[in-house]
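Student: If you scroll down you'll find the structure; I have some questions about it.
Chains as they are written, first to last, in my numbering: chain W, 1 to 275; chain U, 1 to 273.
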């Protein structure tokens, strides 16, 4: 039984693609632009354009479309809930009614749009994490937040904290899988019974997991200390971040795409097609 | 005149907070530059505590620990102590900080605030010594167990320390990984590195220059591997390495000259004849 197989949310996939080589600051800014752009999309044709953009990601990242799409799997439940809430609770012209449940034309449209937006959002955020190694990501974030250190914000400590948190993702999955299998081999049953019983059956997994993770975090803290890490101390980098022309071009290209989508959205033609 | 001591422990005592007993009870120990010392003893005897004391991760409750003349009690000297002495732990996964091999090795030098050219030089050298140059861009967690332990070793070596403390660093390795790790240590020893290795494996202890037995928080025996395996090892129920057993058997049958165990090199030479 593989409970946790295929979960790739937030895991870095080493590579040498265009996206891998971009400065992490550029990728973090781009992700924020993409999220902003996504929430400015209000019509189905806009989402089609975002879908086309998504199809270009394998070429830019060297990561297969299947792997990219799989990154959204852990939150498909959330996407479905969001879509269902919008489907049944959006007022408008009814197309179907069963008791208190009413599906409206507007609800259908909003459910699809919200579901797709959330799906794209997770995929784009995952792309950032899949193409940026955690060390570079935290370096980028630290540099972006460094102006805040003037008002006492601990950007350096936050960057190391982020690196460690991301480094622990695969460890957490591995340990959870190991404990699940150990409990299964001792007769634990995680699949039968109602929701409450199934939730309760995970307690023997969560308790050892927490103990183990705290223990490993403490061991790692000791190892970091022995490797001369001192919180708050200025650190240098093996690969200092360099913002070059390709980063500027990437940001400008993305801005041009988002602007084009927004302008098309506002245009009469797309508005007409959407209706 | 002997070499300068790398470690000098004088009457070191230590108890963990809340513990009803002392983990170390008056340890006196001196390790000279270039020595390879094997610390052996049962689980819970205080070996790992001793290693942490030597890396200034723990401060003695009584007594003093000097690392290259610097007292670990002096907080201002701790960065220098950790720069001079690197510790490699038992589980390599507990030491990996970064997801990419070369970035993990760079973690220590980055903490020292070195320029990137110097960090790169140190990373190249450490990866070369650990035999991981071809894996430098790989994911740290995609390495095999043996490679992960060599990555931990490379991370320690990147600090360019004078001494290495190895806390059961081979215990989680398969035979192949262990041999490649030990071969790394052999090269480091030849380059003049001081090595203090905590181990349960007697075939590793026999390769050292000196064996120190830690029992119930005390250093109870200190001498050459030849003397240790000549009889002292029986007092603490250690296993006799197969090579030593063979040598002893051949001695007993009169097939080898002499009556007592010689040093390791002579023993190996005799067995190869």
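Cβ coordinates follow ideal geometry from the N, Cα and C atoms, glycine included.
Give me the Cα-Cα distance between residue 71 of chain U and residue 156 of chain U, rounded to the nearest whole angstrom.
Tutor: Residue mapping note: residue 71 of chain U aligns to position 71 of the second chain, counting from 1. Residue mapping note: residue 156 of chain U aligns to position 156 of the second chain, counting from 1. Answer to the nearest angstrom: the Cα atoms are 21 Å apart.
Student: Buried or exposed for residue 288 of chain U, going by 16 or more other Cβ atoms inside 10 Å?
Tutor: Any question about residue 288 of chain U goes unanswered here, given that chain U covers just 1 to 273.
Student: Please name the residues in the region 145-160 of chain W whose beta-carbon is closer than 9 Å to at least one beta-carbon of chain U, in chain order.
Tutor: Of all residues in the region 145-160 of chain W, 160 have a Cβ within less than 9 Å of some Cβ in chain U.
Student: Could you have a look at residue 189 of chain W and say whether DSSP puts it in helix, strand or coil?
Tutor: Within the first chain, the letter at position 189 stands for residue 189 of chain W. Coil at residue 189 of chain W, not helix or strand.
Student: Do you know offhand how far residue 146 of chain U's Cα is from residue 176 of chain U's?
Tutor: Here residue 146 of chain U refers to the residue found at position 146 of the second chain. Here residue 176 of chain U refers to the residue found at position 176 of the second chain. Using only the alpha carbons, I get a separation of about 8 Å.
Student: Could you name the residues of chain U that residue 210 of chain W contacts, counting a contact when the two beta carbons are closer than 7 Å?
Tutor: Sequence index remark: in the first chain, residue 210 of chain W carries index 210 (1-based). The contacting residues do not exist; residue 210 of chain W stays about 17 Å from chain U at best.
Student: Identify the contact partners of residue 110 of chain U in chain W, using a Cβ-Cβ distance below 7 Å as the criterion.
Tutor: As a first step, residue 110 of chain U must be located in the second chain, where it is residue number 110. Within 7 Å Cβ-Cβ: 235, 236, 237, 238.
Student: Which runs of the alpha helix (DSSP H) at least 4 residues long sit entirely within the region 151-189 of chain W? Give them in chain order.
Tutor: Fully enclosed alpha helix (DSSP H) runs of 4 or longer: 155-185.
Student: By how many angstroms is the C-alpha of residue 35 of chain W removed from the C-alpha of residue 132 of chain W?
Tutor: Translated into positions along the first chain, residue 132 of chain W becomes position 132. Translated into positions along the first chain, residue 35 of chain W becomes position 35. Their Cα atoms are separated by approximately 18 Å.
Student: Identify every run of the beta strand (DSSP E) within the region 1-46 of chain U, keeping only runs that are complete inside it and at least 3 residues long; order them along the chain.
Tutor: Those beta strand (DSSP E) runs which fall completely within the region 1-46 of chain U and span 3+ residues are 5-14, 24-32, 36-40.
Student: Count Cβ pairs between the region 132-139 of chain U and the region 110-118 of chain U that sit closer than 8 Å; are there 3 or more?
Tutor: Counting Cβ pairs under 8 Å, fewer than three are found: no touch.
Student: Does any residue of chain U bring its CB to less than 8 Å from the CB of residue 131 of chain W?
Tutor: As a first step, residue 131 of chain W must be located in the first chain, where it is residue number 131. So no, residue 131 of chain W is outside the interface.
Student: Tell me the DSSP secondary structure of residue 122 of chain W in three-state form.
Tutor: As a working note, residue 122 of chain W is residue 122 in the first chain. Correct three-state label for residue 122 of chain W: helix.
Student: Note down, in chain order, every chain U residue with its Cβ under 7 Å from the Cβ of residue 222 of chain W.
Tutor: Position 222 of the first chain, counting from 1, holds the residue named residue 222 of chain W. By Cβ distance, chain U contributes 57.
Student: Does any CB atom of chain U fall closer than 8 Å to the CB of residue 178 of chain W?
Tutor: Translated into the one-based positions of the first chain, residue 178 of chain W becomes position 178. Not one chain U Cβ lies under 8 Å of residue 178 of chain W.
Student: Starting from residue 95 of chain W, trace the beta strand (DSSP E) in both directions and tell me its first and last residue.
Tutor: Position 95 of the first chain, counting from 1, holds the residue named residue 95 of chain W. Where residue 95 of chain W is concerned, the enclosing beta strand (DSSP E) stretches over 94-98.
Student: Looking at residue 51 of chain U: is its Cβ nearer than 8 Å to the Cβ of residue 78 of chain U?
Tutor: Translated into the one-based positions of the second chain, residue 51 of chain U becomes position 51. Translated into the one-based positions of the second chain, residue 78 of chain U becomes position 78. For residue 51 of chain U and residue 78 of chain U, no; Cβs fall outside 8 Å.
Student: Please report how far the alpha carbon of residue 254 of chain W lies from the alpha carbon of residue 33 of chain W, in whole angstroms.
Tutor: As a first step, residue 254 of chain W must be located in the first chain, where it is residue number 254. As a first step, residue 33 of chain W must be located in the first chain, where it is residue number 33. So the two alpha carbons sit approximately 8 Å from each other.
Student: Just reading off the beta strand (DSSP E) that residue 158 of chain U is part of, what are its end residues?
Tutor: Stepping through the second chain from its first residue, residue 158 of chain U is reached at position 158. From DSSP, residue 158 of chain U is part of no beta strand (DSSP E); its letter is neither H nor E.
Student: Given 8 Å as the limit, is there contact between the region 93-107 of chain U and the region 213-221 of chain W, that is, 3 or more CB pairs closer than that?
Tutor: Touching, yes.
Student: At what residues does the beta strand (DSSP E) containing residue 215 of chain W begin and finish?
Tutor: Position 215 of the first chain, counted from the start, is the residue given in the question as residue 215 of chain W. Counting along the chain, residue 215 of chain W falls outside any beta strand (DSSP E), though it belongs to the alpha helix (DSSP H) covering 203-226.
Student: Thinking C-alpha only, which one of W:188, W:15, W:251 is nearest residue 200 of chain W?
Tutor: Counting from one through the first chain, the residue named residue 200 of chain W turns up at place 200. When each option's Cα is compared against that of residue 200 of chain W, the closest is W:188.
Student: Would you mind reading off the limits of the alpha helix (DSSP H) that contains residue 187 of chain U?
Tutor: In the second chain, residue 187 of chain U corresponds to position 187, counting from 1. Taken as a continuous stretch (DSSP letters only), the alpha helix (DSSP H) holding residue 187 of chain U covers 175-190.
Student: Determine whether the Cβ of residue 222 of chain U lies closer than 8 Å to any Cβ atom of chain W.
Tutor: Taking the second chain and counting its residues from 1, one reaches residue 222 of chain U at position 222. Closer than 8 Å: no.
Student: Verify whether the separation of the beta carbon atoms of residue 227 of chain U and residue 212 of chain U is less than 8 Å.
Tutor: Counting from one through the second chain, the residue named residue 227 of chain U turns up at place 227. Counting from one through the second chain, the residue named residue 212 of chain U turns up at place 212. Result no, Cβ atoms of residue 227 of chain U and residue 212 of chain U do not sit closer than 8 Å.
Student: Identify which residue in W:70, W:252, W:212, W:17 has its Cα closest to the Cα of residue 119 of chain W.
Tutor: Taking the first residue of the first chain as position 1, residue 119 of chain W is located at position 119. The candidate whose alpha carbon is nearest that of residue 119 of chain W is W:70.
Student: So within the region 228-268 of chain W, which uninterrupted alpha helix (DSSP H) runs reach at least 4 residues, ignoring any that extend past its ends?
Tutor: Taking only runs of at least 4 residues, the alpha helix (DSSP H) segments lying wholly in the region 228-268 of chain W are 245-266.
Student: Closer than 7 Å: is that where the CB of residue 227 of chain W sits relative to any heavy atom of the ligand NAP?
Tutor: Because no ligand of any kind appears in the structure shown, any question about the ligand NAP cannot be addressed here.
Student: Checking 8 Å against the spacing of the C-beta atoms, do residue 102 of chain U and residue 127 of chain U come in under that value?
Tutor: In the second chain, residue 102 of chain U corresponds to position 102, counting from 1. In the second chain, residue 127 of chain U corresponds to position 127, counting from 1. Their beta carbons are under 8 Å apart, which means residue 102 of chain U touches residue 127 of chain U by this criterion.
Student: The alpha helix (DSSP H) spanning residue 59 of chain W covers which residue range?
Tutor: Mapped onto the first chain, residue 59 of chain W falls at position 59. Counting along the chain, the alpha helix (DSSP H) containing residue 59 of chain W begins and ends at 44-61.
Student: Would a C-beta distance cut-off of 8 Å place residue 28 of chain U and residue 44 of chain U closer than the cut-off?
Tutor: Translated into the one-based positions of the second chain, residue 28 of chain U becomes position 28. Translated into the one-based positions of the second chain, residue 44 of chain U becomes position 44. Result no, Cβ atoms of residue 28 of chain U and residue 44 of chain U do not sit closer than 8 Å.
Student: Give me, in chain order, the residues of the same chain whose beta-carbon lies closer than 7 Å to that of residue 279 of chain W; leave out the 5 immediate sequence neighbours on both sides.
Tutor: The requested residue 279 of chain W does not occur in the structure, where chain W is confined to residues 1 to 275.
Student: Taking Cβ positions only, does residue 155 of chain U come closer than 8 Å to chain W?
Tutor: In the second chain, residue 155 of chain U corresponds to position 155, counting from 1. Chain W contact via Cβ: present.
Student: Under 8 Å between the Cβ atoms of residue 168 of chain U and residue 199 of chain U?
Tutor: For this step, residue 168 of chain U is matched to residue 168 along the second chain. For this step, residue 199 of chain U is matched to residue 199 along the second chain. Yes. Within cutoff.
Student: Could you check the C-alpha separation between residue 231 of chain U and residue 190 of chain U for me, to the nearest Å?
Tutor: Taking the second chain and counting its residues from 1, the one referred to as residue 231 of chain U is at position 231. Taking the second chain and counting its residues from 1, the one referred to as residue 190 of chain U is at position 190. C-alpha separation (whole angstroms): 28 Å.
Student: For residue 90 of chain W, name the three-state secondary structure that DSSP assigns.
Tutor: Reading the first chain from its first residue, position 90 is the one you call residue 90 of chain W. In this structure, residue 90 of chain W counts as coil in the three-state DSSP scheme.
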